[in-house]
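Here is the structure we will look at.
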Amino acid sequence: MFNIILFGPPGSGKGTQSERLISKYGLKHLSTGDILRSEIASQTPLGLEAKNFMDKGQLVPDEVVIGMISSALENNPDVNGFLFDGFPRTEAQSEALDELLKLKRTEIGVVLALMVSEEELVKRLLNRGLTSGRSDDNNVEVIRARIVEYHKKTSAVADYYRKFNKVVTIPGEGSVDEIFESLCIEIDKRK
Ligand code: AP5
């Protein structure tokens, strides 16, 4: 089992590259953002609680997302590996993920960190907001709040995995194909 964290700020290309990586490597894609949006669409109590945070560009509480990932791991016992996209986003989530994977006798193989300038992130997200229907994409204040949350809470995830020598930084600007190729080179070195 080979497990990957695709890491990076909002708009850095995690979702775009995840689609390609799961298809090439046969991994199970776990995106906490996608799971939360599907809970919102189904108007579940969890979705309604999460929406309050997401609409402001704030992180959803750790216990909510850790519970979601724990269920997703349990519900997918026979996979080649997981591709985590948008999770973990805090040090507490990183520690919880490591514990959950340990119970499955596996671990994170690599953390691939996409680096993109803030100017480019804002440009990409505002552009997507024109058509995505995502309430957190069409307001520059909310986009900036998401980036602030990233610096305040999420960049600590890379520091956490650096202690275990698992982080590789990948330039996230350029064509989608070029970035995909760089990601694959790093995965192939470690698989
Ligand atoms: P989430 O859904 O995870 O969103 P995000 O991290 O803000 O990331 P995005 O999906 O916006 O961007 P991305 O990096 O996937 O880039 P993408 O490929 O889409 O989270 C949303 C919210 O949910 C959070 O704010 C939080 O409230 C909550 N949440 C989720 N997980 C949580 C957790 N673990 N803990 C607590 N709360 C959580 O690309 C973006 C755009 O750029 C697209 O239009 C794409 O076409 C374009 N693009 C991609 N690559 C390129 C390229 N190379 N060149 C030009 N454009 C590109």
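The number in this note's numbering is simply the position in the sequence shown, starting from 1, with 1110 added.
Heads up, the beta-carbon is just placed ideally off N, CA and C, and yes, glycines get one too.
Original post:
Is the segment 1220-1233 close to the segment 1123-1136, with three or more CB pairs under 8 Å?
Top reply: yes
Original post:
When the Cα atoms are used, what is the spatial distance from LYS1212 to ILE1297?
Top reply: Looking up residue 1212 in the sequence shown gives position 102. Looking up residue 1297 in the sequence shown gives position 187. Those two C-alpha atoms are separated by around 21 Å.
Subject >> Collapsed DSSP secondary structure at VAL1221 in the structure displayed >> reply: Taking the first residue of the sequence shown as 1, we reach residue 1221 at position 111. Correct three-state label for VAL1221: strand.
Original post:
If you compare alpha carbons, which of LEU1207, GLY1167, LYS1273 is closest to LEU1235?
Top reply: Numbered from 1 along the sequence shown, position 125 holds the residue referred to as residue 1235. Per the Cα distances, GLY1167.
Original post:
Taking the alpha helix (DSSP H) that ASP1172 falls in, what are its first and last residues?
Top reply: On the sequence shown, residue 1172 is found 62 positions in, with the first residue counted as 1. First-last of the alpha helix (DSSP H) with ASP1172: 1172-1184.
Original post:
Contact between the segment 1254-1267 and the segment 1190-1203: three or more CB pairs below 8 Å?
Top reply: yes
**OP:** With a floor of 4 residues, list each alpha helix (DSSP H) that falls wholly inside the segment 1253-1300, ordered by position along the chain.
**Re:** 1265-1272, 1286-1300
Original post:
Would you report the Cα separation of GLY1123 and ILE1115, rounded to the nearest angstrom?
Top reply: Numbered from 1 along the sequence shown, position 13 holds the residue referred to as residue 1123. Numbered from 1 along the sequence shown, position 5 holds the residue referred to as residue 1115. Cα to Cα, GLY1123 sits roughly 13 Å from ILE1115.
Original post:
Looking at LYS1233 and PHE1192, is the spacing between their C-beta atoms short of 7 Å?
Top reply: Position 82 of the sequence shown, counted from the first residue, corresponds to residue 1192. Position 123 of the sequence shown, counted from the first residue, corresponds to residue 1233. No. Outside cutoff.
Subject >> Assigned secondary structure, SER1245 (DSSP; H/G/I helix, E/B strand, else coil) >> reply: Counting from 1 along the sequence shown, the entry for residue 1245 is found at position 135. If DSSP states are grouped into helix, strand and coil, SER1245 belongs with coil.
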